[in-house]
Amino acid sequence: MALPCRPFFFADLVRELCQEGGTGPLTPTGAVPGHRRFAGNVPIDTPFHYAIAGVVHEGQWEAGLGRIDTSGRLVRDTVAASSNGGALVDFAPGLKTLALTVGAGWFAATDAAGAALGVSVAAKQPLSTGHDAVASGLADDLVTVRRSGGWVNLPLAALTYKNAVGAYVVGGVLSCSSGTAAAPAISFGSSPATGLFRAGTDILGVATGGVERVRVAANGDFGIGSTAAANTRLLVRSSDSDAMQVIARFQTTNVAGNDSHYLTIAADPTANLVQLASTGTSAGGFTFVAGSTERLRLLAAGTLQPGADNGQTLGSASFRWSVVYAGTGTINTSDMRDKTWRGGATAAELHAARRIAAELGFFQWNDAIAEKGAAGARHHFGLRAQAVWAIMADEGLVDPIGADGRPGATPYAFLCWDEWDADGGTQMRFGIRPDQLALFLIAGQEARIAALEAAA
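Positions 50 to 505 (the working numbering) are the ones given, in order, by the sequence shown.
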């Protein structure tokens, strides 16, 4: 017997007599002694379990679900069991009883349903309060959740959970709201205004105290204290209100006796474009390396020296220093051990020196005139390199300057000429070494004075 879903009415000691027969509704005629009537005790049209038992015709009986209609009759809606093989009984007229009672089939079906429910419940998880308490989870632990009209088991690996070592494991990609500097998307419990946020499309921001401090642009440009500038991989900027003295500091700790520390800017791991290196555990030297070759070193005492002895220039023909300020002057190597001596000047050289001395005079730089005007440009005293070159060539000492403006070969170091490519063409410039040329002119002057003294 299947259990109907709707509720049934139950009442104690409701039993009446009946004389009618047939397969239709039966009319109660009065309560059996010691029992109650249907009228006044059973609501109209409310289903209940009934049993009909023949008194005159003892072989006729029926049990099922029925109701009392508005005329007070028992309407037999569903037959559960009967003397007619479970079908509706065509009762013969004569005394019979009508009772409100539950049939054996209903009890059996209820017991079976209860047993099945017990088996089903036993297969389910116990109440949450009945679980053992644990402090961490495993990736394959299951959590039952509601999905649409049913239930599914979800592994902890699909969620965020705390593992055995106390770490919170995220089982997939972590997706957050954008957040702001004032309210970062990922923050800390005691510092809700400190954390990470999305500053723009594919732009990561770091905030402390509700203020953006670091920004990483979509192309990897990195800005500290400022939005990363275009074409600038790393920009560090202090606030105008900060009283700090150090904008950026790179510090390493001496490990296993390693006394050299490097800051490298390189196109690849094997070729350094720029490398700054410090040596020593205290105030050691600081070197500038370009192209894997040391080019400049600043010693702890303040001495600035080239990367190699006598191997590189300070400036070039196309990139000159405008002025060199010095307390005393320059020192040029003049150690006899480094020289192969040729001897004094020849007559032609001395004659050229006297002629060059006659070329000495005042001049103004053209760029100074363009900037300050002829009246404002300062007057300098010296020589014109091409005039010196022409005199030396006229004395047969060097090759003359060609029609293209290029000089010929010269063995004299005080005559200088440089050529380079720039601005879409070839550039060139003449120059002199004034210290050597001055000594050359002194030699010519000394020879002239000696000749005058000899003739006196």
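Glycine included, every Cβ here is placed at the ideal spot set by N, Cα and C. Model, not experiment: these values are computed from the prediction.
Please work out which residues of its chain come closer than 7 Å, Cβ to Cβ, to residue i, disregarding the five sequence neighbours upstream and downstream, and give them in chain order.
{"i": "Val201", "result": "Val194"}
{"i": "Thr127", "result": "Gly113, Leu114"}
{"i": "Thr342", "result": "Gly356"}
{"i": "Phe246", "result": "Ser227, Gly228, Thr229, Ala230, Pro233, Ala234, Gly254, Ala256"}
{"i": "Thr78", "result": "Glu65, Leu66, Cys67, Gln68"}
{"i": "Asp160", "result": "none"}
{"i": "Pro82", "result": "none"}
{"i": "Gly135", "result": "Val128"}
{"i": "Leu490", "result": "Ala402, Ile405, Ala406"}
{"i": "Gly445", "result": "Ala397"}
{"i": "Gly152", "result": "His98, Ala100, Ala112, Ala129, Ala130"}
Measure from the alpha carbon of residue i to the alpha carbon of each residue in the options, then state which is nearest.
{"i": "Phe434", "options": "Arg455, Leu399, Ala500", "result": "The sequence given here places Ala at residue 434; Phe does not occur at that position. That would be Arg455, whose Cα lies nearest to the Cα of Ala434."}
{"i": "Leu205", "options": "Thr250, Gly221, Ile273", "result": "Gly221"}
{"i": "Phe59", "options": "Asp270, Val91, Asn381, Glu444", "result": "Val91"}
{"i": "Ala129", "options": "Thr146, Arg196, Phe97", "result": "Phe97"}
{"i": "Ala230", "options": "Ala256, Thr459, Lys211", "result": "Ala256"}
{"i": "Arg64", "options": "Gly71, Pro56, Ala102", "result": "Ala102"}
{"i": "Ser120", "options": "Asp94, Tyr99, Arg403, Gly108", "result": "Asp94"}
{"i": "Gly108", "options": "Val260, Leu62, Asn133", "result": "Asn133"}
{"i": "Gly73", "options": "Ala426, Ser131, Val124, Pro56", "result": "Val124"}
{"i": "Val219", "options": "Gly249, Gly198, Arg196, Leu187", "result": "Leu187"}
{"i": "Leu432", "options": "Gly351, Ala157, Gly422, Leu464", "result": "Leu464"}
{"i": "Leu488", "options": "Asp448, Ile405, Ala136", "result": "Ile405"}
{"i": "Ala339", "options": "Ala350, Gln361, Ala349, Thr352", "result": "Gln361"}
{"i": "Val105", "options": "Lys145, Ala157, Ala207, Leu363", "result": "Lys145"}
{"i": "Phe411", "options": "His429, Lys421, Leu399, Ile418", "result": "His429"}
{"i": "Gly258", "options": "Ser275, Ser236, Ala279", "result": "Ser236"}
{"i": "Leu223", "options": "Gly474, Ala207, Ile117, Thr377", "result": "Ala207"}
{"i": "Thr27", "options": "Tyr99, Asp118, Asp358", "result": "The question about residue 27 has no answer here: the residues shown for the chain are numbered 50 through 505."}
{"i": "Gly154", "options": "Tyr99, Trp414, Ile117, Asp453", "result": "Tyr99"}
{"i": "Phe368", "options": "Val214, Gln476, His400", "result": "Gln476"}
{"i": "Glu261", "options": "Gly274, Gly474, Ile418", "result": "Gly274"}
With a threshold of 7 Å, establish whether the CB of residue i neighbours any heavy atom of the ligand FMN.
{"i": "Glu444", "result": "The model depicted lacks the ligand FMN and carries no ligand whatsoever."}
Which residues in the same chain have their Cβ closer than 6 Å to the Cβ of residue i, if we skip the five residues on either side of it in sequence?
{"i": "Arg344", "result": "Phe337, Gly356"}
{"i": "Ser131", "result": "Glu111, Val138"}
{"i": "Gly511", "result": "Outside the displayed range of the chain (50 to 505) lies residue 511, so it cannot be described from this structure."}
{"i": "Ile498", "result": "none"}
{"i": "Leu203", "result": "Val192, Val194"}
{"i": "Ala442", "result": "Pro449"}
{"i": "Thr459", "result": "Val447"}
{"i": "Ala500", "result": "none"}
{"i": "Trp370", "result": "Gly364"}
{"i": "Asn212", "result": "Ser185, Val218"}
{"i": "Gln354", "result": "Arg346"}
Bridge partners for residue i per DSSP, in chain order?
{"i": "Trp110", "result": "Ala102"}
{"i": "Leu353", "result": "Leu347"}
{"i": "Ser283", "result": "Sequence check: residue 283 is Leu here, not Ser. In DSSP, Leu283 forms a bridge with Phe271."}
{"i": "Pro233", "result": "Gly228"}
{"i": "Met477", "result": "Glu468"}
{"i": "Glu65", "result": "Ala80, Leu147"}
{"i": "Ala339", "result": "Thr342"}
{"i": "Ala130", "result": "Ala112"}
{"i": "Gly71", "result": "Phe140"}
{"i": "Phe57", "result": "According to DSSP, which records beta bridges pairwise, Phe57 is partnered with nothing at all."}
{"i": "Leu253", "result": "Arg247, Val265"}
{"i": "Ser240", "result": "Phe237"}
{"i": "Leu123", "result": "Leu75, Ile117"}
{"i": "Arg85", "result": "Val63"}
Excluding the 5 residues flanking residue i on each side, which residues of the same chain have their C-beta closer than 8 Å to its C-beta?
{"i": "Gly70", "result": "Asp139, Phe140, Ala141, Pro142, Gly143"}
{"i": "Ala462", "result": "Arg482, Gln485"}
{"i": "Glu408", "result": "Leu432, Arg433, Ala436, Val437, Ile440"}
{"i": "Ile252", "result": "Arg264, Val265, Ala266, Ala267"}
{"i": "Gly480", "result": "Ala366, Ala434, Cys465, Trp466, Asp467"}
{"i": "Gly244", "result": "Gly228, Pro233, Ala234, Ile235, Ser236, Phe237, Val255, Ala256"}
{"i": "Gln413", "result": "Ala423, Ala426, Arg427, His428, His429"}
{"i": "Glu420", "result": "Ala426"}
{"i": "Asp189", "result": "Pro204, Leu205, Ala206"}
Measure the beta-carbon distance from residue i to residue j and round it to whole angstroms, keeping in mind my assumption that it falls under 8 Å.
{"i": "Arg478", "j": "Asp470", "result": "About 13 Å; that fails the 8 Å criterion."}
{"i": "Ala402", "j": "Ala394", "result": "7 Å"}
{"i": "Leu75", "j": "Leu147", "result": "6 Å"}
{"i": "Ile117", "j": "Phe87", "result": "5 Å"}
Are the C-beta atoms of residue i and some chain D residue less than 8 Å apart?
{"i": "Phe58", "result": "Absent from the structure is chain D; it holds one protein chain and no more."}
Only counting runs of 4 or more residues, tell me where the alpha helix (DSSP H) segments fall wholly within the region 371 to 437, in order along the chain.
-> 396 to 406, 415 to 421
Which residue spans inside the region 189 to 227 form an unbroken beta strand (DSSP E) run of at least 3?
-> 191 to 196, 199 to 204, 209 to 211, 217 to 219
Any chance you could list the alpha helix (DSSP H) runs of at least 4 consecutive residues sitting entirely within the region 435 to 461, in chain order?
-> none
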